[in-house]
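Colleague: Dropping the structure in here first, questions after.
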Amino acid sequence: MKSFLVATFLLSLMVSVLAHRPREGVETLIAKFVPACASLEKAMHDKIREFSDNGELTVRNCPREEINDCLVADTEKVQCSLTASEECIQQITSFLNKENCNYFGNVAAFLFGESKYYEQLRRGLVFVNSFTFHMNYAWFHCFLLYYCTVCWFLRAAHLHFRNLLQQGTDVDRLVEFHTIACRIVLAVDDALARQIFWSCTFLLCNAFLYGYSSMNLVHSQLMYGDMFFCVWSILVFIVLVAFASSVNESINSVKTECQLINFKFPDMVVNRLVQKIGQTDAQLSIWKIAPMKRVTILSVLGAFFTYAVIIGSY
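Set out below in structure tokens:
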């Protein structure tokens, strides 16, 4: 699943990069436009050089009809050059306006020019881009949902272990169960701590960008849509931290219970086992930087809104 996600992300990135590459159709039209401008410039320079070299002698010795014919011929040459230049400019303008309606059409024009498969390829690229964007967004939330589900099971396991520990029976089996549960917590933290860091960073940056754009846009629909995604990103961040912090709280509750427990059969082995449970250090963190706590929500969101106000004021 991870490799497929990376592959689709790279595919969408490649399509976006290719979409901004120059197109063969535009280069062909520009190649037609440059000689037209050059011929226009050459005709004008030739006409100026002819009158500057011969001057009044040409006008006096030549009949008026020949002079008029020469002027008409030269005017037609200039007019043809101007017409060719204007046509090229119009073709370039219409080509750009037509293709820039959807920038994925640029990829099709660049790869296949104006072939008969152009329209099908353009629609296909638009569909692929939309599909990869929505799937990446959906996979991101599916990953967060998976992480919250794992946190819920870990919390339930530790709370159940605490209830069994209060009964004080079969301590050896309970200690073995607690050791396995702590190893699972450490394995989850080692595997997903870095992804959770980038997920939280993405959610906060996404919330800031949507909130900032909603405050600087005039269109009402865009404003309400951006504000909705801003609030949604903040809510997802709060839920994510709350689920992860609940696991750490359940682990701490087990440690507290181990300090207050009074077994029916006090024994040195049992006391050592219970002491081992109390000394176990397993918790979920953000890329091994800080443990997941509920106070993290207040501190991070407080800093987020503070910097948002500072940046937004400028």
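Note that the sequence shown covers residues -19 to -1, 1 to 295 in mature numbering (1 follows the signal peptide of the UniProt record, and there is no 0). By construction, the Cβ of each residue, glycine as well, lies at the ideal position given by its N, Cα and C atoms. Given the structure is predicted, the values throughout are model-derived calculations rather than measurements.
1) If residue 216 sits next to residue 166, beta carbons under 8 angstroms apart, how far is it from one beta carbon to the other, in whole angstroms?
2) If the criterion is Cβ atoms closer than 8 angstroms, does the pair residue 124 and residue 267 meet it?
3) For residue 225, which residues in the same chain have their Cβ closer than 7 angstroms to its Cβ, ignoring the five residues on either side in sequence?
4) Among residues of its own chain, excluding the 5 on either side of residue 173, which ones have a beta-carbon nearer than 7 angstroms to its beta-carbon?
5) Are the beta-carbon atoms of residue 139 and residue 235 separated by less than 8 angstroms?
6) Secondary structure at residue 271, three-state DSSP: helix, strand or coil?
7) Whole angstroms are fine: how far does the CA of residue 218 sit from the CA of residue 294?
8) Could you check what DSSP says for residue 45 in three-state terms: helix, strand or coil?
9) Whose CA, out of 163, 284 and 191, lies closest to the CA of residue 209?
10) If you count every other CB in all the chains shown that lies within 10 Å of the CB of residue 185, and 16 or more means buried, which is it?
11) For residue -3, collect the residues of the same chain with a Cβ closer than 7 angstroms to its Cβ; drop the 5 residues on either side in sequence, then sort them by chain order.
12) In this structure, how does DSSP classify residue 11 when only helix, strand and coil are distinguished?
13) Whole angstroms are fine: how far does the CA of residue 228 sit from the CA of residue 168?
14) If you draw a straight line from the C-alpha of residue 182 to the C-alpha of residue 148, how long is it?
15) Since I believe residue 160 is in contact with residue 222 (beta carbons under 8 angstroms), could you give me their beta-carbon distance rounded to a whole number of angstroms?
16) Skipping 5 residues on each side, what residues in its chain have a beta carbon closer than 7 angstroms to that of residue 231?
17) Spatial neighbours of residue 202 within its chain, please: CB distance less than 7 angstroms, with the 5 preceding and 5 following residues excluded, ordered by chain position.
18) In terms of alpha-carbon separation, which member of 188, 292 and 146 lies closest to residue 237?
19) Under the rule that 16 or more other beta-carbon atoms within 10 Å means buried, what is residue 154, buried or exposed?
20) State the beta-bridge partners of residue 266 as determined by DSSP.
21) On the CB-based measure, 16 or more other CB atoms within 10 Å of its CB, does residue 80 come out buried or exposed?
22) In whole angstroms, what is the alpha-carbon distance linking residue 269 and residue 121?
23) Of all the options 187, 283 and 143, which has the alpha carbon lying nearest to the alpha carbon of residue 301?
24) Once you ignore the five residues that flank residue 211 on each side, which residues in its own chain have a CB closer than 6 angstroms to its CB?
25) Out of 288, 271, 279 and 118, which has the shortest C-alpha to C-alpha gap to residue 175?
26) Express the C-alpha separation of residue 194 and residue 291 in angstroms, rounding to a whole number.
Modeller: Reading off the structure:
1) With a Cβ gap of about 25 angstroms, residue 216 and residue 166 do not count as contacting.
2) no
3) Closer than 7 angstroms at Cβ, skipping near neighbours: 132, 265 and 273.
4) 128
5) Using a Cβ distance threshold of 8 angstroms, residue 139 and residue 235 count as a contacting pair.
6) In the structure shown, residue 271 sits in a strand (DSSP, three-state: E or B).
7) Looking at the two C-alpha atoms, the distance is approximately 25 angstroms.
8) Low confidence applies to residue 45: its pLDDT is 48, below 50, so where it sits in the model is not reliable enough to give any reading.
9) 191
10) buried
11) Because the pLDDT of residue -3 is 40, which lies under 50, any placement of that residue in the model is unreliable, and the question is left without a value.
12) A caution first: residue 11 carries a pLDDT of 45, below 50, which makes its placement in the model unreliable, though a value can still be read off. If DSSP states are grouped into helix, strand and coil, residue 11 belongs with the helices.
13) 14 angstroms
14) 43 angstroms
15) About 27 angstroms separates the Cβ atoms of residue 222 and residue 160, ruling out a contact at the 8 angstroms cut-off.
16) Here the set comprises 136, 139 and 140.
17) A caution first: residue 202 carries a pLDDT of 48, below 50, which makes its placement in the model unreliable, though a value can still be read off. Closer than 7 angstroms at the Cβ level, and outside the excluded window around residue 202, lies no residue.
18) 146
19) exposed
20) 272
21) Its pLDDT being 44, under 50, residue 80 is placed unreliably in this model, and the coordinates cannot settle the point.
22) Approximately 21 angstroms, taken between the alpha carbons.
23) The first residue shown for the chain is -19 and the last is 295, placing residue 301 beyond what the model contains.
24) These residues qualify, in order along the chain: 188, 191 and 192.
25) Checked all of 288, 271, 279 and 118; the closest Cα to residue 175 is 271.
26) 15 angstroms
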